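Undergrad: I am attaching a structure below and will ask some questions about it afterwards.
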Amino acid sequence: MGCFTSWRIAQHPPERGGIQAALFSLKETRMLAYEEAGRGPAAVLLHAFPLSGEMWRPQIQALARHARLVLPDLPGFGRSPRQKTPSVPAMAQAVAELLDQLGIREPVFIGGLSMGGYAAFEFARQFPERVRGLGLFSTRAAADTEEAKVKRMKTSALIQEAGLESLIQAMIPNLLGITTRKTHPETEVWVREMILRNEAGGVTDALKAMAERRDSSPLLSSMRVPVMVAAGDEDLFIPWEESETMQRAIPGSVLTRLQGAGHLVNLESPEAFNEALGFFLKRLEV
Numbered sequence: 093m094g095c096f097t098s099w100r101i102a103q104h105p106p107e108r109g110g111i112q113a114a115l116f117s118l119k120e121t122r123m124l125a126y127e128e129a130g131r132g133p134a135a136v137l138l139h140a141f142p143l144s145g146e147m148w149r150p151q152i153q154a155l156a157r158h159a160r161l162v163l164p165d166l167p168g169f170g171r172s173p174r175q176k177t178p179s180v181p182a183m184a185q186a187v188a189e190l191l192d193q194l195g196i197r198e199p200v201f202i203g204g205l206s207m208g209g210y211a212a213f214e215f216a217r218q219f220p221e222r223v224r225g226l227g228l229f230s231t232r233a234a235a236d237t238e239e240a241k242v243k244r245m246k247t248s249a250l251i252q253e254a255g256l257e258s259l260i261q262a263m264i265p266n267l268l269g270i271t272t273r274k275t276h277p278e279t280e281v282w283v284r285e286m287i288l289r290n291e292a293g294g295v296t297d298a299l300k301a302m303a304e305r306r307d308s309s310p311l312l313s314s315m316r317v318p319v320m321v322a323a324g325d326e327d328l329f330i331p332w333e334e335s336e337t338m339q340r341a342i343p344g345s346v347l348t349r350l351q352g353a354g355h356l357v358n359l360e361s362p363e364a365f366n367e368a369l370g371f372f373l374k375r376l377e378v
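Just so you know, my numbering puts 216 at position 124 of the sequence shown, and the rest follows in order with no gaps.
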């Protein structure tokens, strides 16, 4: 059984300073845009659907003290182009190639929120020797049910017909907790802006990729690196109890409950999230 921590701290608007941005060509066939900050052991943070690496900006100032942060836009999101054959394994491979381009050969901490968690699981499956720690935030190990797959395909069709605004109307009530929506409307505005900066084709690619992803549940009991699980108690996509169950299946893992936060825990309770993840990253240095 791992440790358990519980936090509640209000959020603040994101800081945008002190970021290096670049677009790297990966083996001349793929490109990932990314942002980078800090020095030290590398920590890769993979964003949620349907956002971009921009969502991690509230983490930069606090976490760059502990690590070299690498914040990619996954394929088809933000400034990264789409993949010819989109899939969650291809997302993980693109991240590995980005690390190669950056000269990062040593094992990294890799964390992901929601869809980013699916890619983090896949990275750990494909490249276990490159992982020194894993962060699973507002995510699940299980593959989609048939019902969930059908829902994703319906969402994809809706986007193709009515654009990303239709996705926003459907998702925002579930992406953010009720506390955030009542007390921090600026967070909802920012999330809407991030979604609209994506291209519809990249978003529909990701829906297909997530629907076809593998079940990562068999990986849980075999984890041999430190793992941090974090979730909000107002998450409508992934119930808190599901995150608890996942954490119990991972030997030696730690669990952080973010009170008053919904699915996007790093945006809804950034100070609490930063403190918990910063502590975890410092432990990895020991």
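Using N, Cα and C, we set each Cβ at its ideal position, and we do this for glycine too. Computed from a predicted structure; not experimentally measured.
1) What's the call for V346, buried or exposed, on a 16-neighbour Cβ count within 10 Å?
2) Where does R222 land, buried or exposed, given buried means 16+ other C-beta within 10 angstroms?
3) Is the region 274-292 touching the region 180-194, taking contact as three or more C-beta pairs under 8 Å?
4) Between S309 and the rest of its own chain, which residues show a CB-CB distance below 6 Å, the 5 nearest in sequence each way excluded?
5) Looking only at its chain, what residues have a beta carbon closer than 6 Å to the beta carbon of A184, apart from the 5 residues adjacent to it on each side?
6) Could you compute how far the alpha carbon of R171 sits from the alpha carbon of L124?
7) Compute the Euclidean distance between the alpha carbons of L226 and A368, then round it to the nearest angstrom.
8) Which of the three DSSP states is assigned to P178 in this structure?
9) Specify the secondary structure class of R224 as computed by DSSP and reduced to three states.
10) Candidates G354, T296, S335 and V319: which alpha carbon is nearest R375's?
11) Using only CA atoms, which one of I251, E326, Y126 and M207 lies nearest to D236?
12) Who are E189's beta bridge partners in DSSP?
TA: On the basis of the data shown:
1) Start at 1 with the first residue of the sequence shown, and residue 346 comes out as number 254. V346 comes out buried.
2) For the purposes of this step, residue 222 is taken as the residue at position 130 of the sequence shown. So R222 ends up on the buried side.
3) no
4) The count along the sequence shown starts at 1 and reaches residue 309 at position 217. The answer, listed in chain order, is A233 and A234.
5) The residue given as residue 184 occupies position 92 in the sequence shown. Excluding positions up to five away in sequence, the list reads A211, E214, F215 and Q218.
6) Counting from one through the sequence shown, the residue named residue 171 turns up at place 79. Counting from one through the sequence shown, the residue named residue 124 turns up at place 32. Near 8 Å, if we compare the C-alpha coordinates of L124 and R171.
7) Stepping through the sequence shown from its first residue, residue 226 is reached at position 134. Stepping through the sequence shown from its first residue, residue 368 is reached at position 276. Cα-Cα distance, rounded: 14 Å.
8) Translated into the one-based positions of the sequence shown, residue 178 becomes position 86. In the structure shown, P178 sits in coil (DSSP, three-state: anything other than H, G, I, E or B).
9) Numbered from its first residue, the sequence shown carries residue 224 at position 132. If DSSP states are grouped into helix, strand and coil, R224 belongs with the strands.
10) In the sequence shown, the residue the question calls residue 375 occupies position 283. It is V319 whose Cα lies nearest to the Cα of R375.
11) On the sequence shown, position 144 is the one that residue 236 refers to. Per the Cα distances, M207.
12) Taking the first residue of the sequence shown as 1, we reach residue 189 at position 97. E189 is not bridged to any residue.
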